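Heads up: the sequence shown begins at 3 in my numbering, then just goes up one per residue.
Note that CB positions come from ideal geometry on N, CA and C, so glycine has one too.
Computed from a predicted model, the values in this text were never measured in an experiment.
Structure, as structure tokens:
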Amino acid sequence: MIIEVPKGYTFIKEGNIIAFEEKGILKMQRRQGKFDEVMYDITYKTKGNNKCYYCGREIEPQRITLDHVYPRSLGGPTIPPNLVPACRKCNSIKENMTPEQFRAYRNLGTDEQKKLFRKEFFQIKFFQEKWIHILPEEWISQTPISDLLVLIDLHDTHTNKYKRTKEYYLRCQQFPSPIVIDCHRFVLDGFTEVLYAKNNRIREIPTIILENVEVIF
Ligand SMILES: [Zn+2]
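Written out as structure tokens, the structure is:
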């Protein structure tokens, strides 16, 4: 996947250049914990920060939020193609709906119909399909665990995230979301999933490859 990176883009935090564009490639410093922030920032730079994607209302930049189009709770990744600027109202109404569900909801005529839709939605949401059936197929490929380059020390299996990953895997035989890597297979997001896969000798992991992102040293 190629993400849109504005020409001359630079992301500076506390005086340090964390990421910058060069010849269409987003170069990211080897620095963990800033990946989401860079993805959010690029989304605002490419999609704007003063208009709701859903209702079209103009909003002050301080009051805008970013919505995960495919919800995070259903495995939606934090990458610009899955993020849109949204007002708080639309973001909170959409909650965990898929884009299709939200479109159906917005096309309903009366408040009464919308109320009923939401009621039914919350009854079924816990039984929704796994992300593997929801995310665009062309986003995902399988990467052998042995090919991945991990820049942080992975060892802590006592985190809640690890527990959730384990529970999800045992229930669904799948990871709760795809991992995200750069063009050289450096892991950008999904360290817990990688750790679980390594500990359980799972050979391959569903991956989103950002082909124009490169971790630099
Ligand atoms: Zn809105």
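For C89, the closest C-alpha among the options D43, P63, E114, I81 is that of P63. Between H70 and N84, the gap from beta carbon to beta carbon is short of 9 Å.
Exclusion of the five residues before and after K53 leaves E60 as the residues of its chain whose Cβ lies within less than 6 Å of its Cβ.
Counting only runs of 4 or more residues that sit fully inside the segment 30-77, the alpha helix (DSSP H) segments are 37-49, in chain order.
With a cutoff of 9 Å on beta-carbon distance, I44 and I5 are scored as near each other. Taking the Cα positions, M41 is about 7 Å away from T80.
In the DSSP annotation of this structure, I19 is not part of any alpha helix (DSSP H); the continuous beta strand (DSSP E) holding it starts and ends at 18-24. Listed by position in the chain, the residues whose beta carbon lies within less than 7 Å of some heavy atom of ligand 1 are C54, Y56, C57, R59, A88, C89, K91, C92. In the three-state reduction of the DSSP assignment, E195 falls in the helix class, which pools H, G and I.
One alpha carbon belongs to Y164, the other to T209, and they sit about 18 Å apart. L156 places its beta carbon 9 Å or farther from that of I207. Taking C-beta separations shorter than 7 Å and ignoring five residues to either side along the sequence, the partners of R166 in its chain run P178, following chain order.
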